[in-house]
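I have placed the structure first, in the form of structure tokens, so that the comments after it can refer back to it.
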Amino acid sequence: MTSPGAAATDAFGRRFRYLRLSVTEVCNFRCTYCLPNGYAKSGAMDFLSEQEIGRLVRAFAGLGITKVRLTGGEPTVRKDIGELIACVARQPGIGKVALTTNGWNLARHIDNWVAAGLTHLNVSMDALDRETFSRITGHDRLEDVLAGLERARALPLKALKVNAVLLRDGLDDGFSAWTGFVKDRPIAVRFIELMRTGDNKAFFEQQHVSGEVLRTWLQERGWTPSERGADDGPATEFSHPGHAGRIGLIAPYAAGFCDGCNRLRVTARGQLRLCLFGQGGRDLRRLLVDDAQIGELQDCVVDALTFKPAAHALHAGDPGDMTNLAQVGG
Ligand code: SAM
Ligand code: SF4
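Mapping to numbering that gives the first Met the number 0: the sequence shown position 141 is 140, numbers consecutive.
This is the structure:
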């Protein structure tokens, strides 16, 4: 076990304070790059229970984890998502409770989730016009997502961000709709470069756009990269004097992207994944049966960390055994 305040480290000296925890593989959207045919049930739907999640997070907190992000699939299709947020928030040592959602029911529930202890919110929104949004997600729900975002802005969240996947689709007019969107809204919109998964090879070849396209577009219009804090994620954020918000870029294909990796992942079935694009994982669920197993679970994580690879092999066209991000927890 790690001493209090210290963080677990791997063989490359990377420190881990951030856990991304998938709470379901199920999703109600059909994003073209992720689940174009919708979620297809595979195996029993026995995702981690609230009690198992409580134990898991307590064990990771003892290893120095201070931030937990709930993700999926779509985490908010779980009816007990409010209870899960509260459960994570009450574990000693966890100061940041984050959620990544497609925003379909945000407007209805965000007040309760913040009251339950949610501190950080990422909303995925791939387009600002209704038609493109529907085409990409398979759902005509842009208005609902925007309404949820506006409601979230009024609440005391420590961070509110929008994620958009950088796709050729919808890029005909460049990024001006997005810079317009952040003109008066102090929100960070971060573009994620499309990642190749086991399922999306042909789509990737057709739709992948290098992050350099966005970087050049912004810099030509006076946007400048901001200073980065030590605990910042992998995004480079650009700001502009005439805009309240920022535009960010997450470029997993850029050199050195994995050098600052600070996150561990656990799937909705309790598998520890050392890398999003790795092979297999360690079963932690067998160690979530009883509180007395917490030490054993921590030993298992510390041991697994020594095997964390230096970097993913996406450049070589190898996404590991990751079929789509909904399956592992993006
Ligand atoms: N359903 C939730 C959502 O969409 O926000 C959470 C899970 S989703 C897998 C997490 C994030 O991964 C989303 O922002 C989504 O756009 C992104 N994503 C999914 N597949 C991707 C891919 N192949 N390349 C880049 N980003 C991807
Ligand atoms: Fe669902 Fe999120 Fe995947 Fe879209 S990106 S299909 S919302 S899991």
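Beta carbons are placed, not taken as given, at the ideal position from N, Cα and C, and that holds for glycine.
Val208 has its alpha-carbon roughly 6 Å from the corresponding atom of Leu165. Proximity to Val288 across Leu20, Arg14, Ile52 peaks at Ile52, based on C-alpha coordinates. Looking at the DSSP output, Phe256 sits in no beta bridge, so it has no partner there.
Remark: three or more beta-carbon pairs, one from each stretch, lie closer than 8 Å, so the region 252-268 and the region 16-36 are flagged as touching. Using a Cβ-Cβ distance cut-off of 8 Å, the region 42-52 and the region 210-226 are not in contact, since fewer than three pairs of beta carbons, one from each stretch, lie closer than that value.
The straight-line gap separating the alpha-carbon atoms of Cys260 and Cys274 is approximately 9 Å. By the criterion of at least three beta-carbon pairs nearer than 8 Å, the region 122-142 is not in contact with the region 86-93.
Only residues of its own chain outside the window of five on either side were considered, and among them Leu193, Arg195 have a CB closer than 7 Å to the CB of Phe203, listed in chain order. In this structure, the CA atom of Lys40 is about 32 Å from the CA atom of Phe15. Within the region 164-226, the beta strand (DSSP E) runs of at least 3 residues that lie entirely inside it are, in chain order, 187-192. Annotation: the continuous alpha helix (DSSP H) that includes Ile84 extends over 80-88.
In the DSSP assignment, Leu69 forms a beta bridge with Leu20, Leu98. Approximately 7 Å separates the beta-carbon atoms of Val144 and Trp103; this is inside 8 Å, confirming the contact. Look at Gly169: its beta carbon is at least 7 Å from all of the heavy atoms in the ligand SF4. Beta-bridge annotation (DSSP): Ala158 is paired with His119. When DSSP states are grouped into helix, strand and coil, Gly147 belongs to the helix group.
Closest option to Gly72, judged by alpha-carbon separation, among Phe28, Ile249, Val181, Gly294: Phe28. Secondary structure of Ile52 (DSSP, three-state): helix. Per the DSSP secondary-structure output, Asp282 pairs in a beta bridge with Gln270.
Judged by their CB atoms, Leu324 and Leu55 are not nearer to each other than the 8 Å cut-off.
The beta carbons of Leu105 and Gly137 sit about 18 Å from each other, so the pair does not count as a contact at 8 Å. Short note on Phe28: C-beta closer than 7 Å to some heavy atom of the ligand SF4. Shown here, Val265 sits in a strand according to DSSP, grouped into three states. The Cβ atoms of Lys182 and His242 sit closer than 8 Å to each other. Pairing Glu149 with Val76, the inter-Cα distance amounts to about 21 Å. Arg152 and Glu142 have their C-alpha atoms roughly 15 Å apart. The C-alpha of Gly329 lies about 30 Å from the C-alpha of Ala291. The three-state reading of DSSP puts Leu296 in helix, counting H, G and I together.
In terms of CA proximity to Thr178, His239 leads the group Lys95, Cys257, Val300, His239. Per DSSP, Arg77 is not a residue of any beta strand (DSSP E), being assigned neither H nor E.
Where Ile64 is concerned, there is no enclosing alpha helix (DSSP H), because DSSP gives it neither an H nor an E. Within the chosen limit of 7 Å, the ligand SAM does not reach the beta carbon of Glu204 with any heavy atom.
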